[in-house]
Amino acid sequence: MQASGWADRRYERVEPMKTLLKAGMASSVLALALTVTASDAFAADLGGSIKDPYVAAPSYAAPAAGPCYFRGDVGYSISQDPSVKWPVNNGVWTDNGSGDGVVTDDELSTVFVGDSVSNVSLENTWLAEGGIGCGSGSRGFRSEIMLGYRGDRKLDGEPNIYNPGPQPGDPDGTIPDPIDDPLHTSIQSYTLMLNVYHDFGNFNRFVPYVGAGIGMAVHDVDEVYFTGNPALTNRIEGNRDVSFAWSVMAGVGYQISDRAILDVGYRYIDMGSVTSGRVDSAGFVNPAVQIDDIAAHEIKVGLRYHFGGSDAGYAPFK
1 MQASGWADRR YERVEPMKTL LKAGMASSVL ALALTVTASD AFAADLGGSI KDPYVAAPSY
61 AAPAAGPCYF RGDVGYSISQ DPSVKWPVNN GVWTDNGSGD GVVTDDELST VFVGDSVSNV
121 SLENTWLAEG GIGCGSGSRG FRSEIMLGYR GDRKLDGEPN IYNPGPQPGD PDGTIPDPID
181 DPLHTSIQSY TLMLNVYHDF GNFNRFVPYV GAGIGMAVHD VDEVYFTGNP ALTNRIEGNR
241 DVSFAWSVMA GVGYQISDRA ILDVGYRYID MGSVTSGRVD SAGFVNPAVQ IDDIAAHEIK
301 VGLRYHFGGS DAGYAPFK
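Numbering (this note's numbering), first residue to last: 1 to 318.
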């Protein structure tokens, strides 16, 4: 009787535990089923299922700049003193053996004394340029066509001392004092250049480069006038000449944005030569004033703006 009572009491304690265990397992299965059902429904709302692969969130992709660009520059041109020539002939009295001490027309002649003009100075000036260029991408080379303008700059020089010689009718072939007669004019220049550059790479937005260019220069030289002799007021006419030009450059660009680059550079440019006219304001024909080796050291600041390329869009994270 005692053994039978103990077994009954143990059965009463174990049976509730089995019931709780079964209830817990059923609850877990139900929760898992509900989770799967909810996940499938949410995925269906997004147009997929729980079995679909992971899709990364999209990110904005900036547009890529094209290889070609517009360019505009301003700068200061420090002129080198050019070489200037203007032939000077002095008058001399030959007497022709007459011995009368009086100068006549047939006793006058001229002697060439030289054509070099000394103490030449050419003013500095401002410059402006604009053009278009294209690059080769990873190769680091680019080329451009640039149209430039350099403003009026005054040119001064001193020709060989001019002596008009004795005048007809003067006794004893009297020769006046030599005349120091400085010449003056001004020049403005246009250039059309084909330039080629090599960029050395982008170093934290800084892009150093070197380059060279060839092209042509169009010079407008103004009237040539003289200030030493008040009696000589005639002006030699101006002229326009086209000359070969070449240049070498170096500088650095700073990348402001994907499309804009600030450019600071140095250039040495040789713009050739120009010759004045020959007819003066009185209608007389004179030797032309020859101006050679028109060159300058120049400092420029400009902006390169790239155009073209791909449109803006979205790309996934990588």
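For each residue, glycine too, the CB sits at the ideal point set by N, CA and C.
The model shown is predicted, which means the values in this text are computed figures rather than measured ones.
Consult DSSP for T35 and reduce its assignment to one of helix, strand or coil.
Here residue 35 refers to the residue found at position 35 of the sequence shown. Bear in mind that a pLDDT of 46 at T35, under 50, signals an unreliable position, so the number given afterwards is only what the model happens to contain. It is helical.
Rounded to the nearest angstrom, what separates G133 and Y149 at their Cα positions?
Residue mapping note: residue 133 aligns to position 133 of the sequence shown, counting from 1. Residue mapping note: residue 149 aligns to position 149 of the sequence shown, counting from 1. Roughly 18 Å between the two C-alpha positions.
Evaluate contact between the segment 198–209 and the segment 251–266, counting only Cβ atoms and requiring at least three cross-stretch pairs below 8 Å.
yes
Between the segment 284–291 and the segment 243–253, are three or more C-beta pairs nearer than 8 Å?
no
Expressed to the nearest angstrom, what Euclidean distance is found between the alpha-carbon atoms of D293 and P164?
Residue numbering aside, residue 293 sits at position 293 when the sequence shown is read from its first letter. Residue numbering aside, residue 164 sits at position 164 when the sequence shown is read from its first letter. The straight-line gap from Cα to Cα measures roughly 31 Å.
Name the DSSP bridge partner or partners of A144?
In the sequence shown, residue 144 corresponds to position 144, counting from 1. Before going further, note that residue 144 is Glu rather than Ala in the sequence given. Partner(s): G133, N195.
With 16 as the cutoff for other CB atoms within 10 Å, does D319 come out buried or exposed?
As displayed, the chain neither begins before 1 nor continues past 318, which places residue 319 out of reach and without an answer.
Three-state secondary structure (DSSP) of E298
The residue you call residue 298 lines up with position 298 of the sequence shown. Looking at E298 - three-state DSSP - the assignment turns out to be strand.
R139, DSSP secondary structure in three states:
In the sequence shown, counting from the first residue as 1, residue 139 sits at position 139. Helix at R139.
Between V120 and V84, is the Cβ-Cβ spacing less than 8 Å?
Here the question's residue 120 lines up with position 120 in the sequence shown. Here the question's residue 84 lines up with position 84 in the sequence shown. Going by C-beta atoms, V120 is nearer than 8 Å to V84.
Run the proximity test for M193: is its beta-carbon closer than 7 Å to any non-hydrogen atom belonging to the ligand NAP?
Although the ligand NAP was asked about, the structure shown includes no ligands whatsoever.
Which whole-angstrom value is the C-beta distance of Y162 and E298, which I expect to be below 8 Å?
The residue labelled residue 162 in the question sits at position 162 within the sequence shown. The residue labelled residue 298 in the question sits at position 298 within the sequence shown. The Cβ separation is near 36 Å, so there is no contact.
Give me the Cα-Cα distance between G302 and R153, rounded to the nearest whole angstrom.
Numbered from its first residue, the sequence shown carries residue 302 at position 302. Numbered from its first residue, the sequence shown carries residue 153 at position 153. Each residue's alpha carbon lies about 23 Å from the other.
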